[in-house]
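These protein sequences, in sequence, are chains C and R. For the first sequence, the positions run 1 to 763 when my numbering is used. For the second sequence, the positions run 1001 to 1349 when my numbering is used. To start, the structure under review is shown below, and the notes come after it.
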Amino acid sequence: MKTLARARAPWKVIWLGILAALASAQERVLHVMVEDPLLAESWELLGTLSREFEARHGGVRVDLLSLGGAAGTMDRVKLLLAGDVPLDLTRIDITELAAYREANALVDLEPYFEGDSDWDPLEWFPICLDALRDERGHLYGLPQTFTPYVMYVNLTLLDSLGIERPAREWSWEEFHAICRQVTADTDGDGRTDRFGVSLTQWLQALAPWIWQAGGELLDRSGRVSRWNEPPVVEALTFLHTLLHEEGVASDDATFENQQRRGLFQSGRTAFYGPVGYWERFRLRAVREFEWDVLPLPRHRRAATAVAMSVYVVPRTARHPELAYAFLREVLGGLPYQTRMGAIGNGLPGLIEAAHSAAVRNPGVPPASFDVFFEVLGEARFLPTLANWRKIESLCQAELEGVLLSGDVAPEEAARRMAEKTDAYLDLERRREARPRLPGGVMSAAVALALLFAVGLYLTRRGPPPARAGRAEERAAGAFLSLWAVGFFAFLLGPAVVTLVLSFCEWSPLRPLSDMAYAGFDNYTRLWGDGTFHTSLVATTLYALLSVPLTLALALALALLLRATSSLSSAVRTAVYLPAILSPVIVAALWHVLLDDDGLINDLLALIGAGRPRWLEDPSWVVPAFVLMALWSVGTQMLVFLAGLSGLDPTLEEAARIDGAGPWRRFVHVILPQLTPVILFNGITGLIAAFQIFAQPYVMTQGGPGDSSRFLVLYLYESAFRHLEMGYASAIAWVLFLLLAILSFALLRSSRRWVHYASRSVGR
Amino acid sequence: MATLSLRGIHKSYAANAPVLEGIDLDVAAGELVVIVGPSGCGKSTLLRIVAGLIQPSAGEVWIDDRCVTDRRPGERDVAMVFQNYALYPHMTVARNLAFPLRNARLPRARIAERVAAAARSLGLEGLLDRKPSQLSGGQMQRVAVGRAIVREPKVFLFDEPLSNLDTKLRGELRTELAELHRRLAITTLYVTHDQAEAMTLGSRIVVLHEGRVQQIGAPLDVFARPATRFVAGFIGSPPMNLIEGVAEGGVFHCGPLALAGAPAEGPLVLGVRPEHVRVVSRGGTGFAVRAVEAHGNRTLVNAESGAARLRLCLGGEVRVKVGERLAVEIPQDRLHWFGGGSGLRLESG
């Protein structure tokens, strides 16, 4: 009997498996993209709440996905949606909402709210819900957290200097005066080490100054910029004075620097801002000084900006009704909203949560917690335009010219911002009038390319083989077909699609059928696009510097390390190691090394060479990336080593006997023999240099200004941040043509300077 | 003209594995000495030591009255022609020829003059603008020689310069090289594994085996009186018959073979050149023919009798069949005797 039972056991397992598979087929999975799991306190709670949600809704499983917290967070959702990943619910930034809505990528939740008897909009901050409505008043989501921008203040520092703490209604003049009083060189080394303010520099943080001066970013219609007006210039001039003319403001508070310990956190500035509630999270570790928050200083009027993260239901959602339920019950519920506020990452949109004791947390700074609510009356969102991110990026580069480097006059920057924005808005208007691309054009183009490739094969294959050769040909065909499938599916196919796309306008959030025909507009736009020009110049400069330098270094290392010894193989491994590291890791490492107070600057200071601001100074940022490229010469060095090992040693011996010294042997004997390897490394290096992406993406996001917005980064931003896939495709094709021409020119010129080995003479 | 002396040259890359041991050699001014030996005997290493490309583990290299052991190759005033010619592939013939002169920083006019002279003497005038890849093997060889002579060095070093050429061309160039040496009379060390080159080119030959000098002497002396069993087997084509046997009471025995006049008792090696074996009669008893190679001008015959094996070199007109029996005779004065253990030559009483 026992044997029989054992024999039946495998069948039991199989049956159970089939039943489980059937059950899971009926299970509905809700994919929810939430915040960074590093916020362990909320992640754990979210897990518990999700389990409770699953218990309430039978047959549902909640799959929590992390959006991550690093650079490019905002683009990740777009990439997923463009790839048709079925997200049911996702967090996005409010500045992106219009773009998603315009691409019809979100579910209008109004019907769900209307049918929800428990829904009471009055439980939420009106400013938050208003930002989530369209022109018809339809609601598209719920806030995760939000925050108005305020000014953080180091009370201990002000008190120690005998400076009176500013009142809540304070002016630019008072702010300016305190900054002057605080700024000092405390250790007498000739460098200012205590500043009035750490001035934040991204557009959302700069907009309040413009609004306070009485200016606007766009006119009411949203179709004309107002950058060029006096209040904008006044605001920029004020900030330029603080930063560069008087040096009472430090510029360490860039968007990229937020994750790092800044001067304010170190107690070396009196003010920090304009910045949001999230700083409470970072400052909770500060024990060295007492801090508080203040409304922003006012000028002609009081104004501040609001940042907000919201949850929305993408059009790709498989279960929108469940997503709505999860939004209302979990993400919009009191426990989660309260926890988010308590962590300090942002204020909850739910009023009850925002005012709860857990969020207020009496006894924990800021003492003036209510400031966050008091300023809401004067708080505004940035303009809600579908392509606001593009305008933001166009202007950010100019703003950095005024604020970060200080070498652009405020008037000039304002004029350029107006010019760029208006040109872009004009383009947007023209875009609306474009005809749709007839359906089937894309498929026809791909089919044509395929036909062309097959035709090329058939005409070039030569005479058919004799009977005996046919089996061989079939076998060869079978082996090659694997490669051919890959080539057509992943190279030729996409290449043809991008070629067609480069003559179209298309947002990756829309279906491929929804494409507008743009003719050569994408290419003509490149001609007049200042950012593209800057990008091209930066990329060319990078390539011009990095390619010869890396070639020279790789060759020098290969010559040094070509001897076989245990030491040289150890050094070879060490030199090659960076080549196998992920570029992201390399970028993170170099971010630390190139810091103002990083190892490289410490070494430079030792030899009295000064401390370049590698990643903040536009003139140093390209050299910084060249330096990084030099560190990763391992692969090129290996190719040179292989080339050197293939050299005929008798030539060098002959040269030694012929009386040539080391230099003449290198120049006249070794180098000419290595020219094929130099050509190979040169062309592959050139292509790699023109395709630099990961390092600037991680380290500078193209800044300061546009000085490190290399071509592929600009291409990526155009495609996945600004959703201009057609324009990005045009950039890709221009880059391809440029590389093809350069490679061809190099190959042509190689006839004159590359020496291939003579007919082999057997040894 | 310069003299070249090698004194106690020793080279080893690992302990107990010497490549060269105690090489002493004096080359007179203007003399051409050929170093010959099988592959791996150390002859190229010796040449590279003279050139300065390899440092000896011990010993000295003297050119004239100057010890150059520690001098760099370029400072020794030697020129070398390599087996693979070692022409710089990216330079034209003219630039290849001029390269050593440019290194010596000679004035342009002098360089042009000497390049033209070298090209003229080697018949390279029409090839000056060509790259090595556009030359034939023989032309490349001439350029390599040209690059050596253009410097007017004290010593010429040739490292198997003809071994990459076909037999016919090798013969032609051998003659040209001999003529060139006669004309220039530059002290020359010439390495080859080809005994025909050794015999025809050198005024003396040095036979090297396993890093040791086996014999130094004029080619015909070495041929006629090989100093060791190795030299006897190496010099001469077809090689000398070496028959191992035992001598008792002055009679050498190997299988059915018995020869009187053995110079010593005990194990001995009898050496007989194939061309010195005479066929006395055909048929009957004697050596049985096992293989026949008819070369036209001569017929090589392998024959055996019991343990004794013999190679004969007969006239081209002689017809011999496999299986045929040959009675042979070897003149006493053509016998070479070598010690069975030492392999050294023994003079017959």
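Beta carbons: idealized from backbone N, C-alpha and C, even for Gly.
Residue i to residue j span [Cα, whole Å]
i         : j         : result
R:Ala1198 : R:Gly1123 : 25 Å
C:Thr156  : C:Asn361  : 21 Å
C:Val734  : C:Pro672  : 33 Å
R:Leu1046 : R:Leu1106 : 30 Å
C:Ser749  : C:Leu679  : 10 Å
C:Trp211  : C:Ser171  : 14 Å
C:Ser546  : C:Ala449  : 36 Å
R:Thr958  : R:Val1078 : One cannot answer for residue 958 of chain R here, as it falls past the ends of chain R, which runs 1001 to 1349.
C:Thr269  : C:Asp597  : 18 Å
R:Leu1344 : R:Val1231 : 10 Å
C:Val592  : C:Leu544  : 26 Å
C:Ala354  : C:Gly486  : 54 Å
R:Arg1108 : C:Trp614  : 51 Å
C:Arg280  : C:Glu400  : 26 Å
R:Leu1310 : R:Gln1332 : 16 Å
C:Leu604  : C:Trp620  : 14 Å
C:Thr650  : C:Asp658  : 12 Å
C:Arg133  : C:Arg226  : 25 Å
Proximal residues of chain C, C-beta to C-beta of residue i below 8 Å
i         : result
R:Leu1053 : Glu653, Arg656, Ile657
R:Gly1074 : Arg656, Ile657, Asp658, Gly659, Ala660, Gly661
R:Phe1082 : Thr650, Glu653, Ala654
Chain-ordered chain R contacts of residue i [CB-CB under 9 Å]
i        : result
C:Ala563 : Ordered by position in chain R, no residue passes the 9 Å Cβ test against C:Ala563, which lies about 16 Å from the chain.
Reduced DSSP secondary structure (H/G/I, E/B, other) of residue i
i         : result
R:Gln1139 : helix
R:Cys1041 : coil
C:Asn154  : strand
R:Tyr1085 : coil
C:Asp252  : coil
R:Ile1054 : coil
R:Ser1342 : coil
C:Glu216  : coil
C:Arg665  : helix
C:Gly59   : coil
C:Leu67   : coil
C:Leu242  : helix
R:Asp1355 : Nothing can be reported for residue 1355 of chain R, as the shown portion of chain R is limited to 1001 through 1349.
R:Ile1186 : coil
C:Gln170  : At residue 170 of chain C the sequence reads Trp, which differs from the Gln that was named. C:Trp170: coil per DSSP, three-state reduction.
R:Arg1212 : strand
R:Lys1131 : coil
R:Asp1159 : strand
R:Asn1302 : strand
R:Thr1092 : coil
beta-carbon residue i near the ligand PLP non-hydrogen atom, thresh 6 Å
i        : result
C:Ser266 : As for the ligand PLP, it is missing from this structure, which has no ligand bound.
Contacts that residue i makes with chain C (C-beta to C-beta distance below 7 Å)
i         : result
R:Asn1103 : Asp658, Gly659, Ala660, Arg664
R:Pro1100 : Asp658, Gly659
ask   = Is the region 303-323 of chain C close to the region 230-237 of chain C, with three or more CB pairs under 8 Å?
value = no
Contacting positions in the region 1084-1096 of chain R - beta carbon closer than 7 Å to chain C = Taking 7 Å as the Cβ-Cβ cut-off against chain C, the residues of the region 1084-1096 of chain R that qualify are Asn1084, Tyr1085, Ala1086, Tyr1088, Pro1089, His1090.
query = the region 1204-1227 of chain R: which residues have C-beta closer than 9 Å to a C-beta of chain C, in chain order?
reply = Answer set for the region 1204-1227 of chain R: empty.
key: Residues in the region 660-691 of chain C having any Cβ partner in chain R nearer than 9 Å   = Listed by position, the residues of the region 660-691 of chain C near chain R (Cβ gap below 9 Å) are Ala660, Gly661, Arg664, His668, Val669, Pro672, Gln673, Thr675.
message = Please identify, using Cβ separations under 8 Å, the residues of the region 1229-1259 of chain R that lie next to chain C, in order along the chain.
response = none
ask   = For the region 532-550 of chain C, which residues have a beta carbon sitting closer than 7 Å to at least one beta carbon of chain R?
value = Going along the region 532-550 of chain C in chain order, one finds no residue with a Cβ nearer than 7 Å to chain R.
Three CB pairs or more closer than 8 Å across the region 323-343 of chain C and the region 42-49 of chain C = yes
key: Sufficient close CB pairs (3 or more, under 8 Å) joining the region 239-250 of chain C to the region 394-413 of chain C   = They touch, by the three-pair rule.
task = Would you check if the region 1082-1095 of chain R and the region 1030-1042 of chain R touch, i.e. whether three or more CB-CB distances between them fall below 8 Å?
result = At 8 Å Cβ cutoff, the stretches do not touch.
ask   = Three or more C-beta pairs closer than 8 Å, one from the region 76-90 of chain C and one from the region 362-378 of chain C: is that the case here?
value = no
inquiry  = Quick check: the region 451-461 of chain C against the region 408-423 of chain C, are at least 3 beta-carbon pairs closer than 8 Å?
reply    = no
inquiry  = With three or more C-beta pairs closer than 8 Å as the rule, is the region 645-655 of chain C touching the region 1056-1064 of chain R?
reply    = no
message = Three or more C-beta pairs under 8 Å: does that hold for the region 1149-1162 of chain R against the region 1180-1200 of chain R?
response = yes
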